[in-house]
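Chemist: I'd like to ask you about the structure that follows.
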Amino acid sequence: MTIDRLKTLVNDDFDAVNDLIITKIHSEIGLVDNLSHHIVDSGGKRLRPLLVLLSSRACQYEGTQHIDLAAMVEFFHTATLLHDDVVDESSLRRGQQTANEIWGSKASILVGDYLFTQSIQLLIQTKVWPILNLLADTSHRITCGELKQLTNRHNLTLTLDDYLDIIHAKTAILFAASAAIGPMLAKAPETLEKKMYAYGLHLGNAFQLIDDALDYCADVQTLGKNIGDDLAEGKVTMPLLYALQNGSQAQQAIISQTLKEGNLALLPDILQIIEETRAIAYTKDFANRQKDKALASLTLLADSPFKQGLIDLALFAVARSH
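Printed below as a string of structure tokens:
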């Protein structure tokens, strides 16, 4: 199942979300207009708004506020991407130059702020206060996750639990909030709301784990960013963490040297070490276990094409190549 096939399940809803996004990013300030279109039109999967739509329909919500909230989630996510690329000094995203590479860091930060305010406006106009509380908490926790990742760069003593805490906060938590919006809009029982939140959380963990694996085993054309970016930025992700813990002393020394220096001169050696220690296989296996937990969280949902869409979305998250 491809993402495009999944989108056909909520095709009219998805078109409405895209129309709203285009309307909302329009600005008389040329810089805002150009930079916003650059990242919004850059070919992102829009998984989080898709998750809002599928969750809402699977929970039998029949209103229209899920359209605004799906667009809200996409604006929120896009704002974090702009800020992330500045923090990481990234030059490539989705196969094209990052906004900060073209317009500079100052413009990227400010347009990120602009998109964040757009997400807040969409959120407030729905007047569903429990969802407002959820997203306020989500925003706080994402920021804490990004800060924890930043302060642990080049950290050779990072533990598996520390790593999982980071991806839980910086990635999985927004998937969880997106999945919970559906039952909250539908005023479903709290038990279903918690199950959908858990589904999104495990889905987000699986998604990030595969992202971290792809950084070491994909190619730049498929991945859409430079191979080894995480390593160059000093990020200790699961493949590197596993290789560091299970490699020989000589292999550990190479990883330690590369992390400390923050350059990619030894990237071919690192890739070989990761292959020899089977770090990618371990990471993908961990992701699949998270996927299984996500699927187990869907048991309270009635069977429907939208529930099947949520199942297929979890399967896609771990099977993808980019």
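Here my numbering is used: position 60 in the sequence shown is 61, and no number is missing along the way.
Note that CB positions come from ideal geometry on N, CA and C, so glycine has one too.
(1) From which residue to which residue does the alpha helix (DSSP H) around C145 run?
(2) Can you tell which of L296, T24, Q291 and K107 has the C-alpha that lies nearest to the C-alpha of H169?
(3) Secondary structure at Q98, three-state DSSP: helix, strand or coil?
(4) Under 9 Å, do L52 and L204 count as touching if we go by C-beta distance?
(5) Is it buried or exposed, S91, if we count other Cβ atoms within 10 angstroms and call 16 or more buried?
(6) By the DSSP assignment, the alpha helix (DSSP H) with K292 in it spans what residues?
(7) Smallest Cα separation from S56: which of T284, Y198 and A137?
(8) Check for me: the alpha helix (DSSP H) holding R58 runs from which residue to which?
(9) Within 10 Å of its beta-carbon, does A216 have 16 or more other beta-carbons around it, so buried, or fewer, so exposed?
(10) On the three-state DSSP scale, how would you describe T192?
(11) Taking the beta carbon of A303 as the centre, do at least 16 other beta carbons fall within 10 Å, making it buried, or is it exposed?
(12) Below 9 Å between beta carbons: does that hold for S37 and Y115?
(13) Helix, strand or coil for G113? Go by DSSP, reduced to three states.
(14) Looking only at C-alpha atoms, which of E191, A59 and L202 sits nearest to D293?
(15) Under three-state DSSP, which class holds V33?
(16) Q209: which of V18, I167, A233 and Q246 sits nearest, CA to CA?
(17) Quick one: what's got a C-beta closer than 8 Å to L165's C-beta in the same chain, skipping five residues either side?
(18) Where do the ends of the alpha helix (DSSP H) carrying V319 lie?
(19) Can D14 and I68 be called in contact, C-beta distance under 9 Å?
(20) When the Cα atoms are used, what is the spatial distance from E191 to S120?
(21) Buried or exposed: where does D231 fall if 16 or more other Cβ atoms within 10 Å of its Cβ makes it buried?
(22) Measure from the alpha carbon of L272 to the alpha carbon of each residue in Y200, P240, R58 and Q246, then state which is nearest.
(23) I need the DSSP call for E90, collapsed to helix, strand or coil.
Modeler: Considering the structure as presented:
(1) Stepping through the sequence shown from its first residue, residue 145 is reached at position 144. W130 to T152 is the extent of the alpha helix (DSSP H) around C145.
(2) What you label residue 169 is simply residue 168 of the sequence shown in a count that begins at 1. Here the closest residue by C-alpha is Q291.
(3) Within the sequence shown, residue 98 is the residue found at index 97, counting from 1. Correct three-state label for Q98: strand.
(4) For the purposes of this step, residue 52 is identified with residue 51 of the sequence shown, where counting begins at 1. For the purposes of this step, residue 204 is identified with residue 203 of the sequence shown, where counting begins at 1. The answer is yes: Cβ separation under 9 Å.
(5) Numbered from 1 along the sequence shown, position 90 holds the residue referred to as residue 91. Buried is the label assigned to S91, since at least 16 other Cβ atoms lie within 10 Å of its Cβ.
(6) In the sequence shown, residue 292 corresponds to position 291, counting from 1. Unbroken alpha helix (DSSP H) run through K292: A280 to A297.
(7) Stepping through the sequence shown from its first residue, residue 56 is reached at position 55. In terms of Cα proximity to S56, the closest of T284, Y198 and A137 is Y198.
(8) Counted from its first residue, the sequence shown places residue 58 at position 57. Annotation for R58: the continuous alpha helix (DSSP H) segment containing it runs L48 to A59.
(9) Residue numbering aside, residue 216 sits at position 215 when the sequence shown is read from its first letter. Note that residue 216 corresponds to Asp in the displayed sequence, not to Ala. Classified as buried, D216 has 16 or more neighbouring CB atoms from the shown chains inside 10 Å of its CB.
(10) On the sequence shown, position 191 is the one that residue 192 refers to. Assignment of T192 by DSSP, reduced to helix, strand and coil, places it in the helix class.
(11) As a working mapping, residue 303 is identified with position 302 in the sequence shown. Exposed is the call here.
(12) Looking up residue 37 in the sequence shown gives position 36. Looking up residue 115 in the sequence shown gives position 114. Against a cut-off of 9 Å, the Cβ pair of Y115 and S37 comes out as a contact.
(13) Along the sequence shown, read from residue 1 onward, the residue named residue 113 stands at position 112. The DSSP-derived three-state label of G113 is helix.
(14) Within the sequence shown, the letter at position 292 stands for residue 293. Nearest option by C-alpha distance: L202.
(15) Within the sequence shown, numbered from 1, the residue matching residue 33 stands at position 32. The answer is helix: DSSP assigns V33 an H, G or I state.
(16) Working through the sequence shown from its first residue, we reach residue 209 at position 208. Distance from the Cα of Q209 is smallest, within the candidate group V18, I167, A233 and Q246, for I167.
(17) For the purposes of this step, residue 165 is taken as residue 164 along the sequence shown, with counting starting at 1. Excluding positions up to five away in sequence, the list reads N206.
(18) For the purposes of this step, residue 319 is taken as the residue at position 318 of the sequence shown. It spans P306 to A320 - the alpha helix (DSSP H) in which V319 sits, taken as one unbroken run.
(19) Mapped onto the sequence shown, residue 14 falls at position 13. Mapped onto the sequence shown, residue 68 falls at position 67. Cβ atoms of D14 and I68: closer than 9 Å.
(20) As a first step, residue 191 must be located in the sequence shown, where it is residue number 190. As a first step, residue 120 must be located in the sequence shown, where it is residue number 119. Near 25 Å, if we compare the C-alpha coordinates of S120 and E191.
(21) Along the sequence shown, read from residue 1 onward, the residue named residue 231 stands at position 230. Per the 10 Å Cβ criterion, buried.
(22) One-based indexing of the sequence shown puts residue 272 at position 271. Of the candidates Y200, P240, R58 and Q246, the one whose C-alpha sits nearest the C-alpha of L272 is P240.
(23) Position 89 of the sequence shown, counted from the start, is the residue given in the question as residue 90. Three-state result, E90: coil.
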